[in-house]
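Participant: The structure follows.
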Amino acid sequence: MRCPRLLINDTDLAAGQSIPASQDRLHYATNVLRLKNDAACRVFDGQGNEFHARLEVTGRRSGTFHLGDRAAAPTTPARPIELLQGIARGDHMDLAVQKAVELGISVIRPVLCERSRSAAAHRGLDKRQAHWAGIIQAAAEQCGRNELPLLVPPATLDEALDASSPGLDLVADEQGPPLSGALDSFGKGGTSGRVRILIGPEGGLTDEERIQARNAGFQAVAMGPRTLRTETAAISLLTLVQWRLGDLDGGAALT
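Everything in the sequence shown is counted per our numbering, starting at 1023 for the first residue and increasing by one.
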């Protein structure tokens, strides 16, 4: 049975430390994870540090985490990958963010595209940003990551494309050549640096946005003959890139 995990990132963690449980973390531990007094758990700080711990419940609203030895090695992928995700409606965006965390994304950058205007207006972006941060935390607790990906504030497509650095840039485009060509040229031991993946919102990128991405150095890639939802495209492209990089080799546990 997997040991329950909790994020505590408002204080520095160290072996042998006793940390008073905040109301939020105590509620999560006792009401969501159903941990009882003296229950074993793991505590991590979102920066790669994780420790075995024991929960001491001293009252309905009070408790302490007693940290033991360091628990796990950092789970950061060898090569950073950034997801530039066109802002989509509700659950579509939530699922893309959640699965990107599970698949080892390093940076998530929500992008305001032409076809994501209504999705962005549906709910204030500040509230959605906080909502996505909560999804990232929950996904990291569930999947065993002990470092949190960086959630960048929403940007326009111009701003997102302007933040360039050496590496591989891919844009999902059903009109592009097969993905295999870009991955074959990349290879496990090939191009160094980071990888950026651009995914359009519902309806995809407009023709003008496709041209804009290509002019910024993004390689258009297609993933089969079927039309994919925005969240499916993000999950599929990230999975294939991580597989090619070797990040998915080995024994990932299923939950």
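Don't be surprised by glycine CBs; every beta carbon is placed ideally from N, CA and C. From a predicted model like this one, the values you see are computed outputs, not experimental measurements.
1. Does DSSP put Val1263 in a helix, a strand or coil?
2. Rounded to whole angstroms, what's the CA-CA distance from Leu1147 to Pro1176? Just pull it up for me.
3. Please name the residue, chosen from Leu1267, Gly1226, Thr1249 and Pro1188, that lies closest to Ala1238 on a Cα-to-Cα basis.
4. From Thr1228 to Leu1179, what distance separates their C-alpha atoms?
5. By alpha-carbon positions, which one of Ser1138, Lys1121, Cys1165 and His1088 ends up nearest to Trp1154?
6. Does the beta-carbon of Val1311 have 16 or more other beta-carbons within 10 angstroms, so that it is buried, or is it exposed?
7. Leaving out the 5 sequence neighbours to the left and right, which residues in its chain are closer than 7 Å to Leu1035 when beta-carbon positions are compared?
8. In the DSSP assignment, what are the bridge partners of Gln1039?
9. By alpha-carbon positions, which one of Ala1244, Gly1126, Ile1030 and Glu1196 ends up nearest to Leu1204?
10. What does DSSP give as the partner residues of Arg1092 in its beta bridges?
Facilitator: Taking the coordinates as given:
1. Start at 1 with the first residue of the sequence shown, and residue 1263 comes out as number 241. Secondary structure at Val1263: helix, using DSSP grouped into helix, strand and coil.
2. On the sequence shown, position 125 is the one that residue 1147 refers to. On the sequence shown, position 154 is the one that residue 1176 refers to. Rounded to whole angstroms, Leu1147 to Pro1176 spans 8 Å at the Cα level.
3. Mapped onto the sequence shown, residue 1238 falls at position 216. Out of Leu1267, Gly1226, Thr1249 and Pro1188, Pro1188 has the C-alpha closest to the C-alpha of Ala1238.
4. On the sequence shown, position 206 is the one that residue 1228 refers to. On the sequence shown, position 157 is the one that residue 1179 refers to. One C-alpha to the other measures close to 12 Å.
5. As a first step, residue 1154 must be located in the sequence shown, where it is residue number 132. Residue Lys1121 is the option with its Cα nearest to Trp1154.
6. Here the chain covers residues 1023 to 1277 and nothing more, so residue 1311 does not appear.
7. Numbered from 1 along the sequence shown, position 13 holds the residue referred to as residue 1035. Only residues of its own chain outside the window of five on either side were considered, and among them Val1065, Asp1067, Asn1071, Phe1073 and Leu1089 have a CB closer than 7 Å to the CB of Leu1035, listed in chain order.
8. For the purposes of this step, residue 1039 is taken as the residue at position 17 of the sequence shown. Beta-bridge pairing by DSSP links Gln1039 to no other residue.
9. The residue given as residue 1204 occupies position 182 in the sequence shown. Residue 1204 is actually Ala in this sequence, not Leu. Looking from the CA of Ala1204, the closest CA among Ala1244, Gly1126, Ile1030 and Glu1196 belongs to Ala1244.
10. Numbered from its first residue, the sequence shown carries residue 1092 at position 70. Answer is Phe1073.
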